[in-house]
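For reference, the structure is listed below as structure tokens.
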Amino acid sequence: MLAYFTSDEHARIIHEMTSRSRLLIGLFTIALAMQGTPLIPAAGASEVENPIFGYTHLLPSPFTLPAGTLVYGTSLDLGVTDFLQIGTNVLSNFHKIYNANAKVSLVDYPEFAFGLTLGYSTYNYRDIDRSNPDLSVASWLPGAVAAFEILPSVAWFIGGNLNYTEANLISDSVTTSGYLRGANVESDLSWAYNPQKKRKNGGLSVGNVVSAGISYDLSYKMLGLGISHHWPGFHLGVHYYPSAAEYPLQPILAGGGSVQF
181 MLAYFTSDEH
191 ARIIHEMTSR
201 SRLLIGLFTI
211 ALAMQGTPLI
221 PAAGASEVEN
231 PIFGYTHLLP
241 SPFTLPAGTL
251 VYGTSLDLGV
261 TDFLQIGTNV
271 LSNFHKIYNA
281 NAKVSLVDYP
291 EFAFGLTLGY
301 STYNYRDIDR
311 SNPDLSVASW
321 LPGAVAAFEI
331 LPSVAWFIGG
341 NLNYTEANLI
351 SDSVTTSGYL
361 RGANVESDLS
371 WAYNPQKKRK
381 NGGLSVGNVV
391 SAGISYDLSY
401 KMLGLGISHH
411 WPGFHLGVHY
421 YPSAAEYPLQ
431 PILAGGGSVQ
441 F
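Under our numbering, the first residue of the sequence shown is numbered 181, with each subsequent residue one higher.
Here it is as structure tokens:
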């Protein structure tokens with residue numbers, strides 16, 4: 181028996197197939213990333229004053245990669261200098277939310293660290309869901325992140341970003357995605373439950389770390405919360421956006437590999 185579909189049904193089927201394809205491609209990217217060499221710790225490895233400040237949940241840390249270091253995983257990040265890093269979120273790109281970011285590390289003390297961030301994002305609502313309006317958005321996302329030592333093994337992070345765009349953002353009556361980013365605030369808490377150990381070169385290293393965070397997107401009115409775990413060279417977690425219609429669960433998986441230039 182032949183099956184006939186209306187144009188709307190055909191569009192829905194194509195959209196579902198495309199969404200599954202993006203998910204499979206993203207998982208394949210993660211699997212490839214995990215085949216590399218161990219991930220280099222943030223910010224010049226042992227050169228930072230307090231290594232636990234390099235272990236966040238979803239926020240970027242206030243540290244940057246050493247100059248000439250490319251780290252790949254679900255994100256691609258490159259240390260341009262010892263205080264400047266650029267990158268992109270690979271999974272967001274697969275979901276047609278194209279993005280780039282930069283980070284500058286400004287302050288590094290044992291009790292406090294601080295960095296500035298700048299992001300750029302461009303997307304079309306129609307690419308998220310065919311029922312959405314055909315509206316393109318390009319946004320600049322300047323922000324900052326700060327880290328505070330609460331206890332020798334506990335760090336608190338707070339950060340966020342503004343959203344500068346000429347488009348009229350739509351938060352109501354549209355299908356949203358967990359990968360959308362507007363003006364955002366977030367707070368993370370990290371606990372290093374293994375004692376810090378001395379490296380051969382005299383610096384400190386942190387073993388296993390548990391991190392949790394809560395976020396709120398002011399532009400799209402999306403609350404998010406999640407938890408993650410850091411092993412040496414590996415980071416696994418999830419952040420959940422209950423109100424996001426598409427991809428409410430955002431995987432956090434890092435620790436793929438690195439290349440030195």
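Quick reminder that beta carbons are idealized off the backbone N, C-alpha and C, glycines included.
For residue i, the residue or residues it bridges with in DSSP
i    : result
D397 : N364 and M402
A392 : L369 and I407
F294 : V287 and A326
H419 : G406 and Q430
Y300 : A280 and W320
F414 : W411
Y344 : W320
V228 : The partner list for V228 (beta bridge, DSSP) is empty, contrary to what the question assumes.
Length of the line joining the Cα atoms of residue i and residue j
i    : j    : result
Y305 : L286 : 36 angstroms
L315 : Y420 : 26 angstroms
L264 : D307 : 32 angstroms
P231 : V386 : 6 angstroms
L239 : S367 : 8 angstroms
S301 : H409 : 28 angstroms
E329 : S370 : 10 angstroms
Y235 : Y373 : 12 angstroms
N279 : V270 : 9 angstroms
L321 : G299 : 5 angstroms
Y427 : A247 : 34 angstroms
L403 : N364 : 10 angstroms
Y359 : V418 : 13 angstroms
G323 : I338 : 11 angstroms
G449 : D309 : Because the chain spans 181 through 441 in this model, residue 449 falls outside it and cannot be assessed.
Y297 : T244 : Sequence inspection shows Thr at residue 297; the Tyr mentioned does not correspond to that position. Cα to Cα, the separation comes out at about 11 angstroms.
K401 : I394 : 13 angstroms
V334 : S319 : 34 angstroms
Y480 : H237 : In the structure as shown, the chain begins at 181 and stops at 441. Residue 480 is therefore absent and cannot be evaluated.
H275 : A392 : 25 angstroms
L416 : V390 : 10 angstroms
E291 : P313 : 47 angstroms
S423 : I277 : 18 angstroms
G267 : K283 : 9 angstroms
G413 : A434 : 8 angstroms
Sequence-distant residues of its chain with Cβ nearer than 7 angstroms to residue i (five each side left out)
i    : result
P242 : F233, S285, A293, F294, G295, V325, A326 and A327
D288 : V228 and E229
W411 : N388
S399 : N343, L349, S351, G362 and A363
S311 : T355
G340 : G323, N364, V365 and E366
Boundaries (first-last residue) of the alpha helix (DSSP H) holding residue i
i    : result
D307 : Y305 to I308
Where the beta strand (DSSP E) through residue i begins and ends
i    : result
N269 : L264 to N269
L250 : T249 to Y252
A434 : L429 to A434
G259 : S255 to G259
V334 : V334 to N341
Y278 : Y278 to D288
I330 : S316 to L331
Close Cβ partners of residue i (< 8 angstroms) along its chain, the five nearest in sequence each way excluded
i    : result
N273 : N279
V317 : S301, T302, Y303, N304, Y305, T345, A347 and L349
T249 : I220, L258, G259, S438, V439, Q440 and F441
I432 : H237, L238, T254, G406, S408, H415, L416, G417, V418 and H419
Close-in-space but distant-in-sequence residues of the same chain around residue i (CB under 6 angstroms, 5 per side omitted)
i    : result
W336 : F328, I330 and L369
A425 : T355 and T356
N281 : G267 and G299
Q430 : G358 and H419
Distance cut-off 7 angstroms: residue i Cβ against heavy atoms of the ligand SAM
i    : result
H409 : The ligand SAM is not among the ligands present in this structure, which contains no ligands whatsoever.
Practice task
Could you tell me whether the stretch 338-346 touches the stretch 254-263, using the rule of 3 or more Cβ pairs below 8 angstroms?
Solution key: no
Exercise for the section: Flag this pair as touching only if the stretch 248-255 and the stretch 345-360 have three or more C-beta atom pairs under 8 angstroms; answer yes or no. Expected result: no
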